[in-house]
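Enquirer:
In the numbering used here, the protein residues as written are 813 to 976.
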């Protein structure tokens, strides 16, 4: 399934996240509170807004998204989440923000994320049934997401927070 939102809407996350008092600006604030590490890879960075806000590196497999991110000054490279071009444990942490549901093979993406990180994987994902996005291969309840992560060797630290 080809992700075409960037061709249609451009760097739309930049506007969504800059509009104060929206769910997007609240999401950005929450992510900035979560992630304290500096050597972090944003997997599925899209147009690079969160990558830029956190001053981290990002990757995306959509050439138009990478072009838009780089145009905005975000450090985003073209790469496939299933085969990341990094060494084992190269990053302190990784972030997958509203992207896991876009992967046809989420387990494979999680395995690869686990390979390149030393410590933490931060995930933001819509709760199952709350979003009607044709670009989502699947969604999970909090319990299902926890089970998926545990099946790939991750241990939950903290809590799963459900927000709208």
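Even for Gly, the Cβ is constructed at its ideal location relative to N, Cα and C.
1) Return the first residue and the last residue of the alpha helix (DSSP H) that residue 923 is part of.
2) Bridge partners for residue 933 per DSSP, in chain order?
3) At which residue ranges does the stretch 867 to 912 contain complete beta strand (DSSP E) runs of 3 or more residues, listed in the order of the chain?
4) Could you pull out every residue in the same chain whose Cβ sits closer than 7 Å to the Cβ of residue 927, ignoring the five residues on either side in sequence?
5) Does the stretch 850 to 859 come close enough to the stretch 870 to 878 to have 3 or more Cβ pairs within less than 8 Å?
6) What residue does the alpha helix (DSSP H) around residue 957 start on, and which one ends it?
7) Residue 930 to residue 827, Cα distance in whole Å?
8) Considering only the alpha carbon of each residue, which of 923, 940 and 965 lies closest to residue 954?
9) From 854, 882, 872 and 841, pick the residue whose C-alpha is nearest to that of residue 902; which is it?
10) Checking the sheet assignment: what are the DSSP bridge partners for residue 854?
11) Does DSSP classify residue 950 as helix, strand or coil?
12) Tell me whether the beta-carbon of residue 913 lies closer than 9 Å to the beta-carbon of residue 896.
13) Are there 16 or more other CB atoms within 10 angstroms of the CB of residue 956, so buried, or fewer, so exposed?
14) Pick out whichever of 904, 950 and 882 has its Cα sitting closest to the Cα of residue 997.
15) Residues in the same chain with beta-carbon distance under 8 Å from residue 890, minus the five sequence neighbours each way, listed in chain order, please.
Expert: Walking through what the data contain:
1) 918 to 928
2) 906
3) 869 to 872, 888 to 890 and 903 to 909
4) 900
5) yes
6) 954 to 963
7) 33 Å
8) 940
9) 854
10) 870 and 907
11) coil
12) no
13) exposed
14) Outside the modelled stretch of the chain, which goes from 813 to 976, sits residue 997, for which no answer is possible.
15) 871, 872, 873, 875 and 878
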